[in-house]
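Just so you know, the protein sequences line up as chains A and B, in that order.
Take 3 as the starting number for the first sequence in my numbering and just add one per residue.
Take 3 as the starting number for the second sequence in my numbering and just add one per residue.
Comments concern the structure below.
There are 2 protein chains.
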Amino acid sequence: MIERTPDVFKQKQNIDVHTEHEALEIDRTGRRVRVRDLKTGTETWEPFDQLVLATGTTVIRPPVPGIDASGVYGLKTLEDGFRIIRAIEEERPARAVIVGGGYIGIEMAEAMLNLGCEVSLVDMLPQVMGTLDADMAEPVSDALRRAGVSLYLEERLEGFESPDGKIKGVLTDKRALPADIAILGIGVRPNTHLAGEAGIPLGFKDAIKVNDRLETGVEGVWAAGDCAEVFHLISRRPFWVAMGTVANKTGRVAGINIGGGDVRFPGVLGTAITKFKDTEIARTGLQERELKDSGIDYVSRAINAKARAGYFPGSGPIRVKLYAEKGSGRLLGGQIVGARGSAKRIDIIATALHAGMTVSDIIDLDLGYAPPFSSAWDPVHIAARQTAKQV
Amino acid sequence: MIERTPDVFKQKQNIDVHTEHEALEIDRTGRRVRVRDLKTGTETWEPFDQLVLATGTTVIRPPVPGIDASGVYGLKTLEDGFRIIRAIEEERPARAVIVGGGYIGIEMAEAMLNLGCEVSLVDMLPQVMGTLDADMAEPVSDALRRAGVSLYLEERLEGFESPDGKIKGVLTDKRALPADIAILGIGVRPNTHLAGEAGIPLGFKDAIKVNDRLETGVEGVWAAGDCAEVFHLISRRPFWVAMGTVANKTGRVAGINIGGGDVRFPGVLGTAITKFKDTEIARTGLQERELKDSGIDYVSRAINAKARAGYFPGSGPIRVKLYAEKGSGRLLGGQIVGARGSAKRIDIIATALHAGMTVSDIIDLDLGYAPPFSSAWDPVHIAARQTAKQV
Numbered sequence: 003m004i005e006r007t008p009d010v011f012k013q014k015q016n017i018d019v020h021t022e023h024e025a026l027e028i029d030r031t032g033r034r035v036r037v038r039d040l041k042t043g044t045e046t047w048e049p050f051d052q053l054v055l056a057t058g059t060t061v062i063r064p065p066v067p068g069i070d071a072s073g074v075y076g077l078k079t080l081e082d083g084f085r086i087i088r089a090i091e092e093e094r095p096a097r098a099v100i101v102g103g104g105y106i107g108i109e110m111a112e113a114m115l116n117l118g119c120e121v122s123l124v125d126m127l128p129q130v131m132g133t134l135d136a137d138m139a140e141p142v143s144d145a146l147r148r149a150g151v152s153l154y155l156e157e158r159l160e161g162f163e164s165p166d167g168k169i170k171g172v173l174t175d176k177r178a179l180p181a182d183i184a185i186l187g188i189g190v191r192p193n194t195h196l197a198g199e200a201g202i203p204l205g206f207k208d209a210i211k212v213n214d215r216l217e218t219g220v221e222g223v224w225a226a227g228d229c230a231e232v233f234h235l236i237s238r239r240p241f242w243v244a245m246g247t248v249a250n251k252t253g254r255v256a257g258i259n260i261g262g263g264d265v266r267f268p269g270v271l272g273t274a275i276t277k278f279k280d281t282e283i284a285r286t287g288l289q290e291r292e293l294k295d296s297g298i299d300y301v302s303r304a305i306n307a308k309a310r311a312g313y314f315p316g317s318g319p320i321r322v323k324l325y326a327e328k329g330s331g332r333l334l335g336g337q338i339v340g341a342r343g344s345a346k347r348i349d350i351i352a353t354a355l356h357a358g359m360t361v362s363d364i365i366d367l368d369l370g371y372a373p374p375f376s377s378a379w380d381p382v383h384i385a386a387r388q389t390a391k392q393v
Numbered sequence: 003m004i005e006r007t008p009d010v011f012k013q014k015q016n017i018d019v020h021t022e023h024e025a026l027e028i029d030r031t032g033r034r035v036r037v038r039d040l041k042t043g044t045e046t047w048e049p050f051d052q053l054v055l056a057t058g059t060t061v062i063r064p065p066v067p068g069i070d071a072s073g074v075y076g077l078k079t080l081e082d083g084f085r086i087i088r089a090i091e092e093e094r095p096a097r098a099v100i101v102g103g104g105y106i107g108i109e110m111a112e113a114m115l116n117l118g119c120e121v122s123l124v125d126m127l128p129q130v131m132g133t134l135d136a137d138m139a140e141p142v143s144d145a146l147r148r149a150g151v152s153l154y155l156e157e158r159l160e161g162f163e164s165p166d167g168k169i170k171g172v173l174t175d176k177r178a179l180p181a182d183i184a185i186l187g188i189g190v191r192p193n194t195h196l197a198g199e200a201g202i203p204l205g206f207k208d209a210i211k212v213n214d215r216l217e218t219g220v221e222g223v224w225a226a227g228d229c230a231e232v233f234h235l236i237s238r239r240p241f242w243v244a245m246g247t248v249a250n251k252t253g254r255v256a257g258i259n260i261g262g263g264d265v266r267f268p269g270v271l272g273t274a275i276t277k278f279k280d281t282e283i284a285r286t287g288l289q290e291r292e293l294k295d296s297g298i299d300y301v302s303r304a305i306n307a308k309a310r311a312g313y314f315p316g317s318g319p320i321r322v323k324l325y326a327e328k329g330s331g332r333l334l335g336g337q338i339v340g341a342r343g344s345a346k347r348i349d350i351i352a353t354a355l356h357a358g359m360t361v362s363d364i365i366d367l368d369l370g371y372a373p374p375f376s377s378a379w380d381p382v383h384i385a386a387r388q389t390a391k392q393v
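Okay, structure coming up:
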């Protein structure tokens, strides 16, 4: 195993792990990989019978002035997290600017607030959490503002002010925001230049094309994890998502198949959950934007309810939105934003999507009920009842 | 609507509600019901076109000496709860004995601890929570003992000491427990004597026999809620369970059908969740005892994991047990006991049971993952992987 970073986890038993080594070139006809020892600079050719590409992602760093200034951080590895914590402990930045309002952006906003920073968040979209519909992202924006985050939406990053090589501010197309630290939460993309250069076919968003056994287009070469394309179970199209769950599942399937087994990875729903302080956020399946692209005729309803029984102490609001196919009632996707206990309810919707259930089927689900956890009709039931009326 | 109790909820709009009235007799050929006004004692015959029986349950009160003593409480209605709170406020009982270690028993144990009582719990079974397997009930017993509840298992209630009409102690076949208050949590049974006397066919555990439209064996007579029999989706046999969720669902189906619609209630899984302090408890489908009765050849695995990512602050243990059919791998049931965030995961298993999924299907489910909520492999995934190996 070739691994660029130091061995942080030390979990690889019975595997010959070359940490602080980098793969530079794949010779697919010669079935070997050119590897550089990052400590000594020595290069060698390592032969292979089976090659697994698990090269993950690269943080998107927009080519704007000042992007390489000290104090501008991307976030991908555990090491990145350690570097940010070290910088905060040593430099005590007062003003943090987060660029990007997706999962990483809002989780970092919470972390920076907890570390005592004044936090601003910039996103070029008119909403945070682009994987939610606008109406579902609204309560997330509200929670960010309530917690003291200054939101600058529909503003494009233009650069970082860094007169002496150290960040002093973030420039958008509308303003200059003073900043002692900036975090990039713009996203990641598949890290597949090595595969691409070797002529291994790439697919959606340049992720490595694989079949449901995780085989690439080149015999004996496999890809798994965030660098690999996946199949979307609802759109029935190639898809790409950087998720630890999907990476684990595809790694398992590739491993079993390389070992002589035969298992298949059916695909994904794009399920994702996160939280900002006490606001939990979840989504699965297709959202409005994707449905419009798909050409599927759909109906939808969003309902407001309580995450626990309404009379139970500590019960908070929950908003659940479902999409179903017009006519058939087949479930297409769902989104949830709400108080504690809200997010993991997305698993009901995800499991129903895997099963090809209709919204009417969901009404009948014998879900767990007790007042500390739910009303007798779970909020997901209530959303299904309302959506079923539109079908 | 004929209703024995005072109108606590005041929610019945546009319905002629006769609270504090009792139905005494159903004349099914004459299509009328004899009703007594509990305040005046007046009796009248009320005619009907369609009759809905929603008579709920009766608390099981074992015929032991002292059962009618002051300070011995059953628990069914909101009024029962108010009576207990009033008694506690007025009499400040120091020692509470709970008879029965099921849902009501352990919830009342927590409530009585919170009210400052010394709490003992008696159950004739060798375990608490008889709807769980013994190994899954063990962590619940541990939690009860840790919280200071004295458990007396495999002890049969023989009576209540009440020399002056007021409870002084609880007698089991092994000991006398001093008690200032006793709560019966032995269970409930369908309240169906009225239906039975009228010749309306009864079924499993004397619940009223209904079809999937909630029609009884007598035309124009419907039954819904805790008094009605249901179909068990996994055993494929008649079943009975007193659950608010099922009562709501059957009430909806009966209501739509009486109004001229045509919807069907497919059945239940016996899903139930509760908690004792920070220990969450959940079950669905068939447990070991039921599987042995069913004649289905089954495999099972229980796994121990963490309810959140292992490294996340506040992460606690979770134990998940799954049952699958030997050979086919078809999911048959599941049980969960664990820290906060555990119980509602039963909904994944319940939804998969509705869909007829195998444990291998569960491995592929695209469930929500973020460290505050789960490890990348959800504990339900982990249990499915281990169970699939046994199939």
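Where is the CB? At the ideal position from N, CA and C, for every residue including glycine.
- Contact between residue 187 of chain B and residue 107 of chain B holds, with the beta-carbon distance rounding to 3 Å and staying under 8 Å.
- Under the three-state reduction of DSSP, residue 122 of chain B is assigned to strand.
- Closest by C-alpha distance to residue 363 of chain A, out of B:266, B:76 and B:277, is B:266.
- Residues of the region 209-227 of chain B whose Cβ lies closer than 8 Å to any Cβ of chain A: none.
- Nearest Cα to residue 131 of chain B within the set B:76, B:388, B:189 and B:21: B:189.
- With its beta carbon at least 7 Å from every one in chain A, residue 264 of chain B lies outside the interface.
- A straight-line Cα-Cα distance of about 14 Å links residue 19 of chain B and residue 40 of chain B.
- Residue environment for residue 231 of chain B: buried (at least 16 other C-beta atoms within 10 angstroms of its C-beta).
- Counting of Cβ neighbours within 10 angstroms places residue 294 of chain A among the exposed residues, the total staying below 16.
- Residue contact with chain A for residue 273 of chain B: present (Cβ-Cβ distance below 7 Å to some residue of chain A).
- Under a criterion of Cβ atoms nearer than 7 Å, the residues of chain A adjacent to residue 345 of chain B are, in order, 370 and 375.
- Its Cα nearest to that of residue 304 of chain A, the residue A:392 stands out among A:17, A:392, A:225 and A:296.
- Chain order gives the chain A residues near residue 270 of chain B as 368, where near means a beta carbon separation below 8 Å.
- Rounded to the nearest whole angstrom, the C-alpha separation of residue 257 of chain B and residue 355 of chain B is 26 Å.
- In this structure, residue 227 of chain A keeps its C-beta atom at 7 Å or more from the C-beta atom of residue 371 of chain B.
- Interface criterion met: the Cβ of residue 356 of chain A is under 7 Å from a Cβ in chain B.
- By the Cβ rule, the region 70-84 of chain B does not count as touching the region 140-158 of chain B, because fewer than three pairs are nearer than 8 Å.
- Neighbours of residue 378 of chain B across chain A, judged by C-beta separation under 7 Å: 246, 247 and 250.
- Only exposed fits residue 52 of chain A, as fewer than 16 other CB atoms lie within 10 angstroms of its CB.
- Chain A places a beta carbon closer than 7 Å to that of residue 352 of chain B, counting this residue as a contact.
- In this model, residue 318 of chain A and residue 340 of chain A are separated by some 7 Å (Cα to Cα).
- A distance below 6 Å between beta-carbons, with the five flanking residues on each side excluded, links residue 181 of chain A to the following residues of its chain, in chain order: 97, 99, 169, 171 and 172.
- Exclusion of the five residues before and after residue 129 of chain B leaves 103, 136, 139, 140, 143 and 155 as the residues of its chain whose Cβ lies within less than 8 Å of its Cβ.
- For residue 135 of chain A, no chain B residue has a Cβ inside 9 Å of its Cβ, as the nearest lies near 17 Å away.
- Unbroken alpha helix (DSSP H) runs of no fewer than 4 residues, entirely contained in the region 276-341 of chain A, are found at 290-296, following chain order.
- Look at the beta carbons and you see the region 199-207 of chain B not touching the region 323-341 of chain A: under three pairs across the two are nearer than 8 Å.
- In the same chain as residue 199 of chain B, and ignoring 5 residues on each side of it, the C-beta atoms closer than 8 Å to its own belong to 27 and 28, in chain order.
- Against chain B, a Cβ distance below 9 Å from residue 267 of chain A picks out 366.
- Rounded to the nearest whole angstrom, the CA to CA distance from residue 150 of chain A to residue 101 of chain A is 16 Å.
- For the options B:176, B:283, B:337 and B:373, the alpha carbon positioned closest to that of residue 277 of chain A is the one of B:373.
- In this structure, residue 24 of chain A lies away from residue 36 of chain A, with their beta-carbon atoms at least 7 Å apart.
- Taking 7 Å as the CB threshold, residue 348 of chain B lines the interface with chain A.
- Neighbourhood of residue 359 of chain A in chain B, by CB distance below 9 Å: 353, 356 and 357, in chain order.
- For residue 23 of chain B, DSSP records a beta bridge to B:39.
- Identification of chain B residues near residue 284 of chain A by a Cβ-Cβ cut-off of 7 Å yields 370, ordered along the chain.
- Between residue 381 of chain A and residue 322 of chain A, the C-beta spacing is below 7 Å.
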